[in-house]
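*Asks:* My structure is below; once you've seen it, I'll send some questions.
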Amino acid sequence: MVEKYDEGRSGFWPRAGALRRKTADAESKPVQSEGLTVSLVTFDGIFSGEARYGLTDFQRAYSWRAANVARLISDVAGAANDPSRRSVYCLGRLTLAQAPASNSIQIVDGHQRLLTTTMIIAVLRDLETDTAEADRLHGYLEAQPLTRRGAAELRFVPQTGPAELFQSLVQKRGATLLDFEGDFEELSETECNIVENRDFIRSALQSPMMSAMERRHFATYLLRRCKVIAVTTTTQDEAWELTINELETRLEFSEADQAKSNLLAPIPAAERAMASSVWEACEARLVSEDMYRLLGHIRAMTWRGRIHSNKPVEIEIAKHFDLGKSGTSFMNDVLLPNAERLEAIRGDKVCNHPETRASVTDSIALMTWIDAHNWVPAALQWMKCRGSDAPETALFFKRLERLIWLMRIAGVDPNKQETRVLAVLGEIDSSKPVEQLKFLKPDVEHLADALSNLRGSGFAKKGYSGPVLRRISRELGADSGPITNDKVTLEHVLPTKAPEHGPWREAFKSKVLIRANSQRLGNMTLLSPPHNQEAGTREWRFKRLILASSGFVLSRKAAEYDTWTPQTIAQRTEELIAVLFKTWGLSV
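Under my numbering, the letters of the sequence shown match residues 4 to 591, in that order.
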């Protein structure tokens with residue numbers, strides 16, 4: 004399944020120079036045609052010889068995240084321990100450009116995977132206690148010198164920007180065991196992903212679940228049994244043309260497609276057709292993203308965080324439900340009913356009673372504004388255990404919505420948010436009334452942190468500022484709709500870059516005072532793009548007229564103030580917070 008490992012997904016690849024020679028693992032003979040060479044090679048062949056790899060000028064940033072790396076490690080480890088795959092495991096394709104008789108190779112398609120593979124080898128090297136084995140692994144990171152006097156050179160050099168960091172934190176001996184001590188705020192996207200993925204790889208390979216012997220087996224299988232299709236041209240232009248042509252005609256695998264493949268594979272052949280038809284029935288009810296995330300919701304509902312693994316969710320589910328023996332029970336009794344429930348949630352059909360349905364639909368919409376997925380396992384569990392038409396269904400969804408909003412505004416760590424939702428699942432199983440479900444009630448620290456963030460000088464920079472303003476606007480009488488650049492924009496009444504001379508400086512006499520107030524909740528409103536452009540940095544008496552004529556209630560309310568001063572902003576901040584908290588039955 005070569006296409007399973009496309010760039011941007013969790014995958015692997017090859018390299019050149021050594022691409023044209025056989026290795027001890029009986030690689031296929033290269034197929035050559037008009038400057039094009041196609042070979043099936045192992046990573047042992049890729050990372051040996053004298054070849055040096057560099058990136059073409061048009062390469063994008065390194066964008067792989069931990070989820071991509073986790074899938075890669077899980078798939079390779081799974082294949083290494085699967086007797087049916089012990090001989091060869093194909094992990095995708097690499098497109099390269101290499102001039103004749105040159106040891107310099109340009110990576111045209113595959114740089115995401117090469118960088119990740121290099122990090123995996125580096126971590127394996129640094130965790131290895133046997134010196135000879137560590138030396139062998141390090142040899143895959145350094146190209147052999149062209150002459151006996153020549154110094155060894157790094158085999159792969161990324162883009163100029165992250166090259167130094169990559170060398171110091173990955174390629175040097177012992178580098179992957181060092182903690183990054185710099186400032187993440189100063190790193191580029193590529194550099195952040197390098198550091199985070201390197202640390203994730205170290206954690207995964209250093210896990211108690213993987214012994215030293217198992218790491219060596221993993222390394223051997225990766226380097227000698229995992230193969231890639233190497234497509235090598237003589238020029239960058241030819242290689243790039245090949246890549247563009249494929250991108251324009253290729254239909255990418257979605258996460259749901261990948262999950263379906265991995266989920267159905269272990270199911271006995273006699274049941275696979277049935278399982279596939281159930282999956283397709285679920286797909287007909289849900290969009291692709293929800294189909295994939297449904298597996299994560301099922302995992303959360305099933306083992307409530309008791310199992311922590313870096314494996315893809317469908318692999319965990321296949322093992323937990325023992326799909327290798329039978330898939331009928333899981334597909335019919337777990338996957339399909341939850342797909343039906345999620346369809347009801349997304350289609351505003353949770354309840355039969357009109358008033359209850361309207362209330363629940365409203366709560367679901369509000370949760371989706373600020374968090375599309377974290378709350379779903381609790382909603383599914385309620386529908387499963389208590390029923391959609393239970394007397395307290397509307398109240399449950401209102402309390403769940405309040406919890407989700409407060410945790411988001413309070414800046415609760417995403418992992419802790421997930422843990423809190425898992426705790427709610429446990430309470431749903433009981434017969435306690437909603438008001439007695441303690442994990443649905445906001446913690447004192449959540450309230451304090453939420454208030455602090457709403458009152459803070461950096462409110463406008465928060466990812467939830469738009470939904471909060473939209474929520475307040477709705478409570479004042481009219482939903483503005485989502486914040487978009489073409490219809491609804493955020494407006495700073497006091498400009499963030501107020502002119503140094505003019506009326507604004509009469510009330511805000513210094514840059515410090517402007518910074519302290521311009522991003523506050525009380526200084527924010529909503530405007531259409533034309534009105535926003537017209538308002539610009541104009542003084543209050545002119546901007547007030549624009550706000551008063553706005554189609555947004557939040558701006559018309561702001562125009563009721565005679566002056567715009569630090570005191571005005573502080574007063575309006577408290578007024579808007581009170582509006583928001585009132586919707587949750589809370590006082591400020």
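We put the CB at the ideal spot given by N, CA and C, even for glycine.
Which residues share a DSSP beta bridge with Tyr-92?
*Replies:* Cys-229
*Asks:* From this set, Pro-340, Gly-466, Glu-292, Leu-516, which residue's C-alpha is nearest Leu-383's C-alpha?
*Replies:* Pro-340
*Asks:* Would you mind sorting Arg-344 into buried or exposed? The rule is 16 or more other CB atoms within 10 Å of its CB.
*Replies:* buried
*Asks:* Evaluate the contact criterion for the segment 375 to 389 versus the segment 255 to 273: three or more CB pairs, one atom per stretch, below 8 Å.
*Replies:* no
*Asks:* Please state whether the Cβ-Cβ distance between Glu-283 and Thr-331 is less than 8 Å.
*Replies:* no
*Asks:* Just how far apart, CA to CA, sit Gly-484 and Arg-473?
*Replies:* Looking at the two C-alpha atoms, the distance is approximately 7 Å.
*Asks:* How would you call Glu-292, buried or exposed, if buried means at least 16 neighbouring beta carbons within 10 angstroms?
*Replies:* exposed
*Asks:* Within its chain, find whatever has a CB closer than 6 Å to the CB of Ala-463; leave out the 5 residues flanking it on each side and keep chain order.
*Replies:* So the qualifying residues of the chain are Gln-522, Met-527.
*Asks:* Does the segment 506 to 524 come close enough to the segment 564 to 573 that 3 or more CB-CB pairs lie under 8 Å?
*Replies:* yes
*Asks:* Could you give the residue range of the alpha helix (DSSP H) that holds Gly-429?
*Replies:* For Gly-429, the enclosing alpha helix (DSSP H) covers residues 417 to 431.
*Asks:* Applying the 10 Å Cβ sphere with the 16-neighbour rule, what's the burial state of Phe-187?
*Replies:* exposed
*Asks:* Let me check understanding here. Comparing Cα to Cα, which of Gly-350, Gly-113, Asp-78, Gly-81 lies closest to Ser-66?
*Replies:* Check the Cα spacing between Ser-66 and each of Gly-350, Gly-113, Asp-78, Gly-81: the tightest is with Gly-113.
*Asks:* Would you check if the segment 346 to 365 and the segment 316 to 334 touch, i.e. whether three or more CB-CB distances between them fall below 8 Å?
*Replies:* no
*Asks:* So Glu-156 and Arg-296 are supposed to be a Cβ contact under 8 Å. How far apart are they, rounded?
*Replies:* Not confirmed; about 45 Å, so no contact.
*Asks:* How many angstroms separate the CA atom of Arg-477 from the CA atom of Phe-555?
*Replies:* 10 Å
*Asks:* Are Thr-163 and Leu-144 closer than 8 Å when you measure CB to CB?
*Replies:* no
*Asks:* Note down, in chain order, each residue of its chain lying with its Cβ closer than 7 Å to the Cβ of Ser-279, except the 5 sequence neighbours on either side.
*Replies:* Leu-267
*Asks:* Name the two residues that bound the continuous alpha helix (DSSP H) containing Val-72.
*Replies:* 69 to 83
*Asks:* Tell me which residue opens and which closes the beta strand (DSSP E) that Met-410 is part of.
*Replies:* Segment 396 to 413 is the alpha helix (DSSP H) holding Met-410; no beta strand (DSSP E) there.
*Asks:* Any idea if Asp-78 is buried or exposed, counting beta-carbon neighbours within 10 angstroms, 16 or more meaning buried?
*Replies:* buried
*Asks:* Return the first residue and the last residue of the alpha helix (DSSP H) that Gly-164 is part of.
*Replies:* In the DSSP assignment, Gly-164 falls within the unbroken alpha helix (DSSP H) covering 163 to 169.
*Asks:* Look at Thr-371 and Ala-397 and say whether their C-beta atoms are less than 8 Å apart.
*Replies:* no
*Asks:* State the Cα-Cα distance for the pair Leu-168 and Glu-194, rounded to the nearest angstrom.
*Replies:* 7 Å
*Asks:* Within the same chain, show all residues whose beta-carbon is closer than 8 Å to that of Arg-307, passing over the 5 residues directly before and after it, in chain order.
*Replies:* Leu-425, Leu-428, Gly-429
*Asks:* Please state whether DSSP places Ser-42 in a helix, a strand or coil.
*Replies:* strand
*Asks:* Assuming Gly-57 and Val-173 make a contact with CB atoms under 8 Å, what is their CB distance in whole Å?
*Replies:* Incorrect: roughly 16 Å between the Cβ atoms, too far for contact.
*Asks:* Using the Cβ count rule (16 or more neighbours within 10 Å means buried), how would you classify Phe-333?
*Replies:* buried
*Asks:* Using the three-state DSSP reduction, which class does Ala-146 fall into: helix, strand or coil?
*Replies:* Ala-146 sits in a strand when the DSSP states are folded into three classes.
*Asks:* Quick one: is Gly-539 buried, meaning 16 or more other Cβ sit within 10 Å of its Cβ, or exposed?
*Replies:* exposed
*Asks:* Buried or exposed: where does Leu-548 fall if 16 or more other Cβ atoms within 10 Å of its Cβ makes it buried?
*Replies:* exposed
*Asks:* Tell me the DSSP secondary structure of Thr-568 in three-state form.
*Replies:* coil
*Asks:* Taking Gln-261 as part of the beta strand (DSSP E), name the residues at either end of that continuous run.
*Replies:* Per DSSP, Gln-261 belongs to no beta strand (DSSP E); it is in the alpha helix (DSSP H), 258 to 267.
*Asks:* Looking at the structure shown, is Ile-475 part of a helix, part of a strand, or coil, going by DSSP?
*Replies:* helix
*Asks:* Here's a check: name, in chain order, each residue in its chain whose Cβ is nearer than 8 Å to the Cβ of Pro-506, leaving out the five neighbours to either side.
*Replies:* Glu-542, Trp-543, Arg-544
*Asks:* Which residues mark the beginning and the end of the alpha helix (DSSP H) in which Arg-296 is found?
*Replies:* 291 to 306
*Asks:* With DSSP as the reference, identify every bridge partner of Gln-109, one or two as the case may be.
*Replies:* Gly-57, Ala-100
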